[in-house]
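The sequence shown begins at -1 in my numbering and counts up by one.
Note that beta-carbon positions come from the ideal geometry of N, C-alpha and C, so glycine has one too.
Okay, so here's the structure we're looking at.
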Amino acid sequence: MNSGTTASLICPACGQTFLSMQQSMEGMVQCPHCAHNALRGYFGTHAQVAGVAQVRRRVSQTQPLPSVPMPAMQPPPQNRHAISQPAAWPGLPPQIQAPANFTARQTLQHSQALVPTGAPPPEEFKTSPHLRRSPWRSGFILLAFTAVCGGALWLWWDSVNAPKVKPGVAVPPPVKKVVPIEPVAPKVQIARALMPDPDVGAFATDAKALVTELFAAETAERRAACIHDAAKYSAEIEAQFGAGGGGEKIELRQFARIPGMPQTLPGGLPVPLFKLVTAECANGALIRLEPGADGKRRISWPLLNETHSAALAAFIKKPAGEAAWFHVGLRPSHGLDIAAELRPKYITFDVQVSASSEPHFVACVERDTPLGRFMDRESEWGTSYLARLLVRRLDIESSAPCLLIIDCEGAPER
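See the structure below:
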């Protein structure tokens, strides 16, 4: 009996049966009983032995032997593998000798002993390809089972965790995750980016003409025509530059443009500045131009008046606790004018209220406050600014008069 991969063989030497996986007729096979080693074709199968037995049975039936006394049995040869021609029994007549067509098993070769003469070797049984199992079948079945179980588990989990809705109750919409958006630049910064730099030459021409007319004017109307929004400051204009009471007018000594352009704080818009030196202001007052409703540029009176009359220097001599608004120039500083232990508490600025570096003031704003964070964000190192601040005197250890910034015009409400 053969399977798809093994064959049942019979050793021609010892006659024992064993199984072999050798399929090729030219392959070497070794008997496990007697260690006989030969080609696969030398070993027979059960089907071959049955064919030989039927041939011998037919030969014996056609020539029956007479009843004669059996001769004495001779001992078997010592060499069991020796092949010898069988001798006739003694005392038997020639007619009962071994027939001519009788084929003795021992006279055949190993490859012919178990195969009948003229019969083709039997074909071994092999499993048909369509009946064999595919090695991928088990893996595919396991994968499909896993997918089905995963889908069922997901449906169960979704049904268990679904929000329960009562009849007649509206379900609120799902809350959308709010993604933080970077702060958009203020409108003033956008306008600055779109606005070209001011024409410094045109500003200088207008400023020179206005200053000349201001000092040359004989009437209050001509002087008011040089000042932006003069109706609000008519009394102050006449007190500074008028000839009231028969007194002499202020002498103009120098007018020039200040190099560079500071920026407004907040906003960052560039502003051309000019210095005005008179007999009463040797350090030089600051002048800036502002456009009017008619489109013409005129002198900004608050900045000119405060810097020409040294209003901040007079305010710093007043008792502490009072606060006032002033137009000043600012520049971020390291705070070397104040004590080292106070520097982590304040953001410091150098204050300029004249065309020169004198007098020198220091403005401080507390870091951990909304105003301090605003001014720190709006200012950059190495840049000069022009701002209007609400300040009061700050009595701390320092090498220069200090001001505490309470508010800044244009800062967001806190």
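Going by C-alpha to C-alpha distance, which of 29, 10, 6, 15 sits closest to residue 21?
Residue 21 sits at position 23 when you count from the first residue of the sequence shown. Residue 21 has its Cα closest to that of 6, out of 29, 10, 6, 15.
Considering Cα atoms alone, identify which of 353, 232, 337, 351 is closest to residue 394.
Residue numbering aside, residue 394 sits at position 396 when the sequence shown is read from its first letter. Ranking the options by Cα distance to residue 394, first place goes to 337.
Backbone CA spacing between residue 224 and residue 232 [nearest angstrom]:
The sequence position of residue 224 within the sequence shown is 226, counting from 1. The sequence position of residue 232 within the sequence shown is 234, counting from 1. Roughly 11 Å between the two C-alpha positions.
Burial state of residue 182, where buried means 16 or more other Cβ atoms lie within 10 Å:
Against the sequence shown, residue 182 aligns to sequence position 184. Bear in mind that the predicted position of residue 182 carries a pLDDT of just 45, short of 50, making it too unreliable to give a figure here.
Go ahead and label residue 402 buried or exposed: buried means 16 or more other beta carbons lie within 10 angstroms of its beta carbon, across all protein chains shown.
The residue labelled residue 402 in the question sits at position 404 within the sequence shown. That one is buried.
Reference residue 311; option with closest CA among 398, 145, 4, 13
For the purposes of this step, residue 311 is taken as the residue at position 313 of the sequence shown. Of the listed residues, the one whose Cα sits closest to residue 311 is 398.
4 or more residues per run - each alpha helix (DSSP H) lying fully within the stretch 312 to 399
368 to 376
How should residue 138 be labelled, buried or exposed, when 16 other C-beta atoms within 10 angstroms of its C-beta is the threshold for buried?
The residue labelled residue 138 in the question sits at position 140 within the sequence shown. By the neighbour-count rule (16 or more Cβ atoms within 10 Å), residue 138 is not buried but exposed.
Measuring only the C-alpha atoms, how far is residue 365 from residue 292?
Within the sequence shown, numbered from 1, the residue matching residue 365 stands at position 367. Within the sequence shown, numbered from 1, the residue matching residue 292 stands at position 294. Taking the straight line joining both Cα atoms gives about 42 Å.
Exposed or buried, residue 378, counting other C-beta atoms within 10 Å across all chains shown (16 or more means buried)?
In the sequence shown, the residue the question calls residue 378 occupies position 380. Classification for residue 378: exposed.
Using three-state DSSP, classify residue 286 as helix, strand or coil.
Against the sequence shown, residue 286 aligns to sequence position 288. Residue 286 falls in the coil class under three-state DSSP.
Is residue 248 closer than 8 Å to residue 217 when the C-beta atoms are compared?
Along the sequence shown, read from residue 1 onward, the residue named residue 217 stands at position 219. Along the sequence shown, read from residue 1 onward, the residue named residue 248 stands at position 250. No, these two residues do not count as a Cβ contact at 8 Å.
Kindly indicate which residue of 309, 382, 334 has the alpha-carbon position closest to the one of residue 324.
Residue mapping note: residue 324 aligns to position 326 of the sequence shown, counting from 1. Comparing Cα positions, the closest option is 309.
Does DSSP put residue 139 in a helix, a strand or coil?
For the purposes of this step, residue 139 is taken as the residue at position 141 of the sequence shown. Helix at residue 139.
Would residue 281 and residue 356 qualify as a contact pair, given that the criterion is a beta-carbon distance under 8 Å?
Indexing the sequence shown from 1 puts residue 281 at position 283. Indexing the sequence shown from 1 puts residue 356 at position 358. Yes, Cβ-Cβ distance for residue 281 and residue 356 is below 8 Å.
Rounded to the nearest angstrom, what separates residue 273 and residue 369 at their Cα positions?
In the sequence shown, the residue the question calls residue 273 occupies position 275. In the sequence shown, the residue the question calls residue 369 occupies position 371. If you take the alpha carbons of residue 273 and residue 369, they lie about 30 Å apart.
In this structure, how does DSSP classify residue 4 when only helix, strand and coil are distinguished?
Within the sequence shown, numbered from 1, the residue matching residue 4 stands at position 6. Coil at residue 4, not helix or strand.
With burial defined as no fewer than 16 other Cβ atoms inside 10 Å of the residue's Cβ, what is the status of residue 144: buried or exposed?
One-based indexing of the sequence shown puts residue 144 at position 146. Its Cβ having fewer than 16 others within 10 Å, residue 144 is exposed.
Tell me which residues share the same chain as residue 314 and place their Cβ nearer than 8 Å to its Cβ, disregarding the 5 neighbours each side in the sequence.
The residue you call residue 314 lines up with position 316 of the sequence shown. Cβ neighbours of residue 314 beyond the five flanking positions: 359, 391, 399, 401.
What's the call for residue 406, buried or exposed, on a 16-neighbour Cβ count within 10 Å?
The residue labelled residue 406 in the question sits at position 408 within the sequence shown. Answer is buried; the Cβ neighbour count reaches 16.
Give a yes or no on whether the C-beta atoms belonging to residue 201 and residue 287 are separated by under 8 Å.
Working through the sequence shown from its first residue, we reach residue 201 at position 203. Working through the sequence shown from its first residue, we reach residue 287 at position 289. Closer than 8 Å, so yes.
Considering only heavy atoms of the ligand GTP, does any lie closer than 7 Å to the CB of residue 407?
For the ligand GTP, the structure offers nothing, since it holds no ligand at all.
Segment limits, alpha helix (DSSP H) that includes residue 305
Residue 305 sits at position 307 when you count from the first residue of the sequence shown. Run containing residue 305: 299 to 306, per the alpha helix (DSSP H) assignment.
Just grab the DSSP bridge partners of residue 240 for me.
Along the sequence shown, one-based indexing puts residue 240 at 242. None; residue 240 has no bridge partner.
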